[in-house]
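Residue numbers (our numbering): 196 to 781.
Here it is as structure tokens:
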């Protein structure tokens, strides 16, 4: 048997040598020149876009593996190079386009999402019709060139053994480099950098996208008996308060970093009904507002989605049946969200409608000139929603979510200088950017006070519940946090410990016309998935089995969720939500 194996290997070696000698002899000069030029240009391009040498090497190994695999199949060098080049160019172009829209590089989920059905593809074509036409023209042209290249080039037949060996080697190169890149958990927030390495790394998320159990982390075995119902049940008492939830962009109270001085005027801005400042722990830093938005409205942690956390909204669109707006809708509320930008940003609009919002009021509706309006503009939209509700034959209680944008970075220019009072000084720390941030927070406080004064004048006897929170800390160099701006710009907050001070902001519960039905909790810090539970309880609404279990979990974990000491209780709850069919995994 050994003799036979040695004979087979000798014949294979001779065959490989012979075949490659034929290839070398028969390689046409134009193809060789084309291959050399493409290789040199490609090497330069990768070096420019992948600035870390180990990552560069892994990307080049992946490129070699991909080209080797294509050559084993086609046995045409020119065709192989052109096909490989087209795939990488299209990846880069798609990433540049996506970054312009969503400030995030392309991920394999984008392909999975937009090509998983005609609805998603149709939405892309309708929303970005010009880009879709251009993309289709480029694809058709590339296909035509590929067909021409394949037919025009003479195949250099390697033989079955050599082709199999080359394909096997290519698979090893692809798998090894892809595994290494995926294991380093790349960032997707570098404009025109690490595009290829991050996309290649994202291929490791394909099993999570297609596996039967879905992407939400949960316990392997059911520990709780599911409570299955066709719909949410809520018998809200008459006179339930209108609820206004306000996401305060980059809202961070004084005291998180004791060495940072805040103006006295801001002190009440962060306080709750008990005149205390309550800390909130979010799951992002310096950006990624949609992560805090998702957790506040769904009661789920984006960390439970692993590497797919940035796509939690898109992944769970149409899969959640018990969110805060859905519950309030079942309690008789009308639900509206005021969005500062275009609602289809990163698929947000469809997500909001899927989780129970009756109205999504974005720039196409409120007609803001840009995304950076003063908070007063968005508070006025809230007043308009309330006025419209007053005109209905039967007025239903309102749940309105709004967001601010004026406090968003950059902070290297004076915002709303016309709002400065005569003789007003805005130097609190001596750091220009941090003082500008504080000035914008002062404006936010004044706009909020003006809004509530208008409410009290127009609705002197109506009950209102105000829920406010900071979505993340500002990415300011003044913060005593190492590499604060790099963490924000590169989207690497996941590298920080989930209990890091970098994730601390605030939440507040206040009321007008009634007293919140629960006392403010004494937890040292509340993690953002519990915010919805606290809002429902403070409004005095009845708790169904889901919110009863959420309230138990909040107390069991002392206000924590991701960092809860009883991690099993959190995972068991998420399994219970799936088994009770409130979350559809697949």
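Even for Gly, the Cβ is constructed at its ideal location relative to N, Cα and C.
Source: prediction; values computed, not measured.
{"Check": "Under 8 Å between the Cβ atoms of residue 458 and residue 623?", "Outcome": "yes"}
{"Check": "Three-state secondary structure (DSSP) at residue 514?", "Outcome": "coil"}
{"Check": "Assign residue 765 to one of two classes, buried (16 or more other C-beta atoms within 10 Å of its C-beta) or exposed (fewer than that).", "Outcome": "buried"}
{"Check": "Do residue 524 and residue 551 have their CB atoms nearer than 8 Å?", "Outcome": "yes"}
{"Check": "Compare the beta carbon distance of residue 372 and residue 265 with 8 Å and say whether it is the shorter of the two.", "Outcome": "no"}
{"Check": "Secondary structure at residue 348, three-state DSSP: helix, strand or coil?", "Outcome": "coil"}
{"Check": "Report buried or exposed for residue 535, applying the criterion of at least 16 other Cβ atoms within 10 angstroms of its Cβ.", "Outcome": "buried"}
{"Check": "Can you give me the C-alpha to C-alpha distance between residue 763 and residue 693, rounded to a whole angstrom?", "Outcome": "17 Å"}
{"Check": "Just curious, the beta strand (DSSP E) that residue 443 is in, first and last residue?", "Outcome": "437–443"}
{"Check": "How far does the beta strand (DSSP E) with residue 499 in it reach, from first residue to last?", "Outcome": "Note, residue 499: premise wrong, no beta strand (DSSP E); not H, not E."}
{"Check": "Return the chain-ordered list of same chain residues with a C-beta closer than 8 Å to the C-beta of residue 715, the five sequence neighbours on each side being excluded.", "Outcome": "467, 468, 469, 471, 473, 704"}
{"Check": "Put residue 289 into one of helix, strand or coil per three-state DSSP.", "Outcome": "helix"}
{"Check": "Considering only C-alpha positions, which residue in the set 749, 770, 769 is nearest to residue 760?", "Outcome": "749"}
{"Check": "Is the Cβ-Cβ distance between residue 711 and residue 727 less than 8 Å?", "Outcome": "no"}
{"Check": "Give the secondary structure of residue 552 by DSSP, where H, G and I count as helix, E and B as strand, and everything else as coil.", "Outcome": "coil"}
{"Check": "Using 8 Å as the threshold, is the stretch 231–246 in touch with the stretch 336–351, meaning 3 or more CB pairs across them?", "Outcome": "no"}
{"Check": "Using DSSP bridges, identify the partner residues of residue 700.", "Outcome": "475"}
{"Check": "What residues are listed by DSSP as bridge partners for residue 707?", "Outcome": "659"}
{"Check": "For the alpha helix (DSSP H) containing residue 532, name the first residue and the last one.", "Outcome": "Here residue 532 belongs to no alpha helix (DSSP H); instead the beta strand (DSSP E) covers 529–533."}
{"Check": "For residue 595, write down the residues that DSSP places opposite it in a beta bridge.", "Outcome": "439, 531"}
{"Check": "How many angstroms separate the CA atom of residue 532 from the CA atom of residue 597?", "Outcome": "6 Å"}
{"Check": "Tell me which residues share the same chain as residue 274 and place their Cβ nearer than 6 Å to its Cβ, disregarding the 5 neighbours each side in the sequence.", "Outcome": "344, 345, 348"}
{"Check": "Leaving aside the five residues before and after residue 475 along the sequence, list all residues of the same chain whose C-beta is less than 8 Å from its C-beta, in chain order.", "Outcome": "664, 665, 699, 700, 701, 702, 720, 721, 722, 723, 726"}
{"Check": "Is the stretch 389–399 in contact with the stretch 360–375, if contact means three or more CB pairs nearer than 8 Å?", "Outcome": "yes"}
{"Check": "Hey, would you say residue 506 sits closer than 8 Å to residue 411, going by beta carbons?", "Outcome": "no"}
{"Check": "Just tell me which of 768, 600, 549, 509 has its CA closest to the CA of residue 522.", "Outcome": "549"}
{"Check": "Ignore the nearest five residues each way along the sequence and tell me which others in residue 659's own chain have a CB closer than 7 Å to its CB.", "Outcome": "436, 437, 439, 650, 706, 707, 708"}
{"Check": "Consult DSSP for residue 466 and reduce its assignment to one of helix, strand or coil.", "Outcome": "strand"}
{"Check": "Less than 8 Å between the C-beta atoms of residue 286 and residue 303, yes or no?", "Outcome": "no"}
{"Check": "Among 279, 245, 739, whose alpha-carbon lies nearest the alpha-carbon of residue 526?", "Outcome": "739"}
{"Check": "Find out if the Cβ-Cβ distance for the pair residue 442, residue 400 is shorter than 8 Å.", "Outcome": "no"}
{"Check": "Are there 16 or more other CB atoms within 10 angstroms of the CB of residue 423, so buried, or fewer, so exposed?", "Outcome": "exposed"}
{"Check": "Could you tell me whether any Cβ in chain B is nearer than 8 Å to the Cβ of residue 529?", "Outcome": "Here chain B cannot be found, since the structure has a single protein chain."}
{"Check": "Is the stretch 277–285 close to the stretch 359–367, with three or more CB pairs under 8 Å?", "Outcome": "no"}
{"Check": "Identify whether residue 628 lies in helix, strand or coil by the three-state DSSP scheme.", "Outcome": "helix"}
{"Check": "Does DSSP put residue 665 in a helix, a strand or coil?", "Outcome": "strand"}
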